[in-house]
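Numbering (the working numbering), first residue to last: 179 to 378. Ideal Cβ placement from N, Cα and C applies to all residues, glycine included. Bear in mind that the values here come from a model prediction, so they are computed numbers and not experimental data. As structure tokens, the structure follows; a few thoughts come after it.
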């Protein structure tokens, strides 16, 4: 097989893999809408985002994260804040999704040079941390008056960290860590298939 043919095979394989992960992100977001412990649903889509970022670089992580954000907007999962500030909602939701995939991919690429297991663990931690962190920044910038009205007499920082996103963050981080061995196995098997296809 010539270099051009190999490149085409790799490109097709990448497109198919990304297509499947994109569909999985959308499906998982629809499922996630029914998993609520606060005003916002629990995010299950961070798992395929981490897998995609590990297999196809941070660019794939960014793409899958943006797909996650668009799906959140289209499913109405952000309606609680969309009515308050539509522009702020779109910016926050897209930024938190995109940044979580981008950062997970960059962390994986850096750590994988030393240890793949560590890389998967760190990427799995990075995605929910960045997702929640960017959401909190967006909330502080666009929705502070709304959050203050919900917090009442409670300290605003404590309310945002504990009452507003705390439960969701702990559950999302826990899911990523518990499923870490499965994520690692998926990445290992997929990388072998990708390498095998390159050698054809």
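Between 211, 369, 297 and 194, which lies nearest to residue 355 when the distance is taken from Cα to Cα? 297
On a CA-only basis, which of 275, 280 and 266 is nearest residue 237? Give me that one, please. 280
Measuring straight from C-alpha to C-alpha, what distance separates residue 310 and residue 258? 17 Å
For residue 221, three-class secondary structure by DSSP: coil
Find out if the Cβ-Cβ distance for the pair residue 286, residue 305 is shorter than 7 Å. no
Could you compute how far the alpha carbon of residue 255 sits from the alpha carbon of residue 221? 11 Å
What distance in whole Å lies between the Cβ atoms of residue 246 and residue 203, which are believed to be in contact at a cut-off of 8 Å? 5 Å
Rounded separation between residue 337 and residue 365 - CA only: 37 Å
Same chain, Cβ closer than 7 Å to residue 290, five either side skipped, listed in chain order: For residue 290, where only same-chain residues beyond five positions count, the Cβ hits under 7 Å are 297.
Residue 230 versus residue 205 - alpha carbon distance: 15 Å
Helix, strand or coil: how does DSSP classify residue 331 here? coil
Checking 7 Å against the spacing of the C-beta atoms, do residue 276 and residue 251 come in under that value? no
Is the beta carbon of residue 148 less than 7 Å from the beta carbon of residue 282? The shown model of the chain, from 179 to 378, leaves out residue 148, and the question about it has no answer.
Residue from 266, 211, 370 and 239 with nearest C-alpha to residue 196: Closest option to residue 196, Cα to Cα, is 239.
With a cut-off of 8 Å on the beta carbons, I'd call residue 316 and residue 360 a contact; round off their distance for me. In fact, because the Cβ distance is near 31 Å, the residues do not count as touching under 8 Å.
Determine the direct distance from the alpha carbon of residue 347 to that of residue 201, and round the result to whole angstroms. 24 Å
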